[in-house]
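Here the sequence shown is numbered in the numbering used here, starting from 1401 and rising by one per residue. Cβ atoms here follow ideal geometry from the backbone N, Cα and C, with glycine treated the same way. The block underneath contains the structure these notes are about, expressed in structure tokens.
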Amino acid sequence: MEIKTRHTLFGMFGIVFLLILISLLGTTPVLQWLGFDKMGPPVLWLSRGLIWGALALLWWYAVKIERQPLLFWKERRLSFLGYVGSIAVVLFILLVLIIMLGLVAKLSGVNTRSEKMLMLMKMLGNHQFLLVFIALTAGVVEEFIFRGYMQPRMEVLFKSPVAAIVVSSAVFGVLHIGYGTFLNVAGPFLIGLVFAVYYSKFRNLKVLICCHFLWDFIIMCTQAGR
1401 MEIKTRHTLF
1411 GMFGIVFLLI
1421 LISLLGTTPV
1431 LQWLGFDKMG
1441 PPVLWLSRGL
1451 IWGALALLWW
1461 YAVKIERQPL
1471 LFWKERRLSF
1481 LGYVGSIAVV
1491 LFILLVLIIM
1501 LGLVAKLSGV
1511 NTRSEKMLML
1521 MKMLGNHQFL
1531 LVFIALTAGV
1541 VEEFIFRGYM
1551 QPRMEVLFKS
1561 PVAAIVVSSA
1571 VFGVLHIGYG
1581 TFLNVAGPFL
1591 IGLVFAVYYS
1601 KFRNLKVLIC
1611 CHFLWDFIIM
1621 CTQAGR
């Protein structure tokens, strides 16, 4: 599919910049400017709502400015067992890779303790609906943006599926740097690689949305309230 390079680059840089701005809601100066004493449920509800708004704006930009569908690649259908099997395999691969990454980080003496993540998990123990909303936002919005929107366009720009997989995953990983540790960037980068390879080969975003939601939901449920 042909793209208008200038419009596409503006769209990709624009959505990344917008996500960075939204992430600044968790910083002390912005919290104080908005009248909040600290990061809490109202800020998390607001930030996730803004992320959904960013996706809506990106959809409008793709259709009206790029004059292209948000999703370049036609969604391939799977049977019910195909969905279940795909989700199970992808989650298993993620589990193995993240365990291996954790072991490497531990043996290397890399700091894996994220104070921001610990604070978030402690808070979510008493806000189950917010926990579900955060996981749902990550699953739907991030997959539409990084896999659905960015990856196919990068493949056209770079003329290489491998470059598109690596670069879109790197951007996905770096945008998690706010949690403060190497693991919080390397983990999402690996997850992004698995998702991007799957999307490049099988062209089914619904599987990735389910996997992303379930992964975040399970991780948060096991850590929330600690």
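- For Ile1415 against Ala1454, the beta-carbon gap comes to about 6 Å, under 8 Å, which counts as contact.
- In this structure, the alpha-carbon of Leu1450 lies about 18 Å from that of Leu1520.
- Exclusion of the five residues before and after Ser1568 leaves Phe1546, Arg1547, Met1550, Gln1551, Met1554, Gly1592 and Ala1596 as the residues of its chain whose Cβ lies within less than 8 Å of its Cβ.
- The Cβ atoms of Leu1494 and Leu1590 sit closer than 9 Å to each other.
- In this structure Trp1433 is exposed. Its beta-carbon is surrounded by fewer than 16 other beta-carbon atoms within 10 angstroms.
- DSSP places Gln1468 outside both helix and strand once states are collapsed to three, so it counts as coil.
- When only Cα atoms are considered, Trp1452 and Arg1477 end up about 26 Å apart.
- Counting along the chain, Trp1460 sits inside the alpha helix (DSSP H) bounded by residues Pro1441 to Tyr1461.
- Around Val1463, the same chain offers Pro1469 and Leu1470 as residues with beta carbons nearer than 8 Å, after the five sequence neighbours per side are excluded.
- For Arg1547, no alpha helix (DSSP H) run applies, since DSSP gives it neither H nor E.
- Using a Cβ distance threshold of 9 Å, Leu1530 and Pro1441 count as a contacting pair.
- DSSP places Arg1513 outside both helix and strand once states are collapsed to three, so it counts as coil.
- DSSP places Arg1603 outside any alpha helix (DSSP H), giving it a letter other than H or E.
- Taking C-beta separations shorter than 8 Å and ignoring five residues to either side along the sequence, the partners of Cys1610 in its chain run Tyr1483, Ile1487 and Gly1539, following chain order.
- Boundaries of the alpha helix (DSSP H) around Lys1506: Phe1480 to Ser1508.
- Counting of Cβ neighbours within 10 angstroms places Val1585 among the buried residues, the total reaching 16 or more.
- Comparing C-alpha distances from Phe1533 to each of Leu1444, Leu1409, Pro1429 and Gly1509 shows the shortest one belongs to Leu1444.
- Only exposed fits Trp1460, as fewer than 16 other CB atoms lie within 10 angstroms of its CB.
- Nearest C-alpha to Val1571 among Lys1404, Ile1420 and Thr1408: Ile1420.
- For Leu1425, there is no enclosing alpha helix (DSSP H), as DSSP marks it with neither H nor E.
- Our two residues, Tyr1598 and Ser1479, have alpha carbons roughly 17 Å apart in a direct line.
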